[in-house]
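Trainee: In this note's numbering, the protein residues as written are 717 to 1184.
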């Protein structure tokens, strides 16, 4: 009997010990869970505190005294562009001057700052004033505060009265869908041409849309605000400038005067063999020849004032050069200095009004009467004349700061034109000292191959082209 009792007690003790172990294990797990929950609660508390701090900091009203005018706004608005002067001022890293009433003092024009503040509040919905003089003052004020001033509206110029557009950086650029070629020369009849032709890359079809009021070759053409501007060249007046609206043009005889042509203030000097680009709502005319000397001068047209103004000269005279815009800067490529063909490239920064050399390495091939276009963020240069007529095509990639040679055109040619549309590069017309070409070739960077497209209606060289 006693032995049975001892056995039962032992079993009970073993069961109790097992239960105790189980309870201790569960207690340990619960304590670990409690510790984790406490840590999570503490983390959430800190996050809530941080969010509260951020909300208080960013939502706090800030009073400003700008040139004697009081403004009330938020830190969120003032730091909309964190790399701007205002963004840095109100980042919390700097001590700011206050007036007697505790307002942050900024010694600038209060009337202009009202527009600056509206821009910061409204972003791309901001509508720029249509006063040309005020716009010029605002541009300088935006520059002072290091804010983007991407207003390209030509509507502010009473002399142009072009199509209204969104401003303040809100304008959405239309992707080009067509090519236009303007003027040129055909030696078979020793003719300088005024014909304007349009190419539809989808239909692979050319049509004539009219004739310029004055024929010209070795001119420049640029697209800006849905219009095409034509300047300079060899004609009856080699400093003249005008523009037309491509959307208003239908098919027309090459002898029919171009509809809607409007003349602008002429260049300050005669220029043929110049290059032209559009940047920041302005048109630039670079280099060329004035029938006496090779030019290094550059001038730009501001539609807000309807005036040409001189900007910094290129470091080298360049005739029959090419020029493109990439990354907000102008690249002047090749050309002839009056002494020799050039392989060099110089780069213009409109923010500093300075040209830089050595930023881009020389092209592998020195050439003038070349053509150039930008495609997928790279610069392509085509053809031209150096030691001989060129078929070579070279590509500059700013990511590697290097030139590479890609597939050549089917035929060496110079005084050709180039443009990019629909992700393809087009080489148009040209001359090889024997033949004036009507050909259009298309380059596909995906296959590194050229294809022959429909010929232009008129064979020509020293033509200008533009994607629109």
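All C-beta atoms in this analysis are idealised placements derived from N, C-alpha and C, irrespective of residue type, glycine included.
Under the three-state reduction of DSSP, which class applies to residue 860: helix, strand or coil?
Mentor: helix
Trainee: Jot down the residue ranges of each uninterrupted beta strand (DSSP E) in the region 897 to 936, minimum 3 residues, whole runs only, in chain order.
Mentor: 907 to 916, 921 to 927
Trainee: Once you ignore the five residues that flank residue 899 on each side, which residues in its own chain have a CB closer than 7 angstroms to its CB?
Mentor: 909, 910, 928, 931, 932, 933, 935, 949, 1179, 1180
Trainee: For residue 805, report the span of its alpha helix (DSSP H) as first-last.
Mentor: That run of the alpha helix (DSSP H) goes 801 to 805.
Trainee: Can you name the residues that DSSP bridges to residue 973?
Mentor: 927
Trainee: Based on the DSSP output, what are the partners of residue 751 in its beta bridges?
Mentor: Paired residues: none, contrary to the question.
Trainee: Tell me whether the beta-carbon of residue 1098 lies closer than 8 angstroms to the beta-carbon of residue 1143.
Mentor: yes
Trainee: Taking the continuous alpha helix (DSSP H) assigned at residue 958, which residues delimit it?
Mentor: Taken as a continuous stretch (DSSP letters only), residue 958 belongs to no alpha helix (DSSP H), being part of the beta strand (DSSP E) at 957 to 960.
Trainee: Indicate whether the contact test is met: 3 or more Cβ pairs, each with one atom in the region 1015 to 1027 and one in the region 1039 to 1047, closer than 8 angstroms.
Mentor: no
Trainee: Under 6 angstroms Cβ to Cβ from residue 1057, same chain only, skipping five residues before and after it: list those, please.
Mentor: 1082, 1083, 1084, 1102
Trainee: Would you report the Cα separation of residue 861 and residue 829, rounded to the nearest angstrom?
Mentor: 10 angstroms
Trainee: Hey, residue 824 and residue 779: beta-carbon distance below 8 angstroms or not?
Mentor: no
Trainee: Would you check if the distance between the CB atom of residue 1014 and the CB atom of residue 994 is smaller than 8 angstroms?
Mentor: Against a cut-off of 8 angstroms, the Cβ pair of residue 994 and residue 1014 comes out as no contact.
Trainee: Which parts of the region 817 to 846 are runs of the beta strand (DSSP E), unbroken and 3 residues or longer, counting only runs that do not cross its ends?
Mentor: Runs of the beta strand (DSSP E) inside the region 817 to 846: 820 to 822.
Trainee: Under 8 angstroms by Cβ, that's how I've got residue 1094 and residue 1065 pegged, so tell me the actual separation to the nearest angstrom.
Mentor: The beta carbons of residue 1094 and residue 1065 sit about 20 angstroms from each other, so the pair does not count as a contact at 8 angstroms.
Trainee: List the whole-angstrom C-beta distance separating residue 1026 from residue 1051, where the pair is believed to meet the contact cut-off of C-beta under 8 angstroms.
Mentor: So it is not a contact: roughly 19 angstroms between Cβ atoms.
Trainee: Ignore the nearest five residues each way along the sequence and tell me which others in residue 1070's own chain have a CB closer than 8 angstroms to its CB.
Mentor: 1028, 1064
Trainee: In angstroms with no decimal places, state the Cα-to-Cα distance between residue 883 and residue 845.
Mentor: Bear in mind that a pLDDT of 31 at residue 883, under 50, signals an unreliable position, so the number given afterwards is only what the model happens to contain. Between the C-alpha atoms of residue 883 and residue 845 there is a straight-line separation of about 9 angstroms.
Trainee: Using CA atoms only, rank isn't needed, just tell me which of 1183, 996, 942, 1076 is closest to residue 1059.
Mentor: 1076
Trainee: Residue 1166 to residue 1129, Cα distance in whole Å?
Mentor: 15 angstroms
Trainee: If you draw a straight line from the alpha carbon of residue 1104 to that of residue 996, how long is it in whole angstroms?
Mentor: Each residue's alpha carbon lies about 37 angstroms from the other.
Trainee: What is the rounded straight-line gap between the Cα of residue 789 and the Cα of residue 833?
Mentor: 9 angstroms
Trainee: Would residue 872 be called buried (16 or more neighbouring beta carbons within 10 Å of its own) or exposed?
Mentor: Confidence is the limiting factor: at residue 872 the pLDDT is only 37, short of 50, which leaves the residue's position unreliable and the question unanswerable from this model.
Trainee: Which one of 951, 981, 822 has the shortest CA to CA distance from residue 782?
Mentor: 822
Trainee: Kindly provide the ranges of any beta strand (DSSP E) runs that are 3 or more residues long and lie completely inside the region 1042 to 1106, ordered along the chain.
Mentor: 1045 to 1049, 1061 to 1065, 1070 to 1073, 1087 to 1091, 1094 to 1098
Trainee: Label residue 1139 either buried or exposed according to how many other C-beta atoms from any shown protein chain fall within 10 Å of its C-beta, with 16 as the threshold for buried.
Mentor: exposed
Trainee: Where does residue 739 fall in DSSP's three states?
Mentor: When DSSP states are grouped into helix, strand and coil, residue 739 belongs to the helix group.
Trainee: Does the distance from the C-beta atom of residue 986 to that of residue 955 stay below 8 angstroms?
Mentor: Cβ distance < 8 angstroms, so residue 986 and residue 955 count as in contact.
Trainee: What did DSSP end up calling residue 1110 once you bin it into helix, strand or coil?
Mentor: strand
Trainee: Am I right that residue 1190 and residue 1182 are in contact with their C-beta atoms under 8 angstroms? What's the rounded C-beta distance?
Mentor: Here the chain covers residues 717 to 1184 and nothing more, so residue 1190 does not appear.
Trainee: Would you please state the rounded distance, in angstroms, between the beta carbons of residue 863 and residue 800? I believe it to be under 8 angstroms.
Mentor: 5 angstroms
Trainee: Could you check if residue 917 is buried or exposed, using at least 16 other CB atoms within 10 Å of its CB as the buried criterion?
Mentor: With at least 16 other beta carbons inside 10 angstroms of its own, residue 917 counts as buried.
Trainee: Hey, could you find the ends of the alpha helix (DSSP H) residue 791 is sitting in?
Mentor: That run of the alpha helix (DSSP H) goes 791 to 794.
Trainee: DSSP state of residue 1012, grouped into three classes?
Mentor: Here residue 1012 sits in coil by DSSP.
Trainee: If residue 980 sits next to residue 957, beta carbons under 8 angstroms apart, how far is it from one beta carbon to the other, in whole angstroms?
Mentor: 4 angstroms
Trainee: Are the beta-carbon atoms belonging to residue 920 and residue 1152 less than 8 angstroms from one another?
Mentor: no
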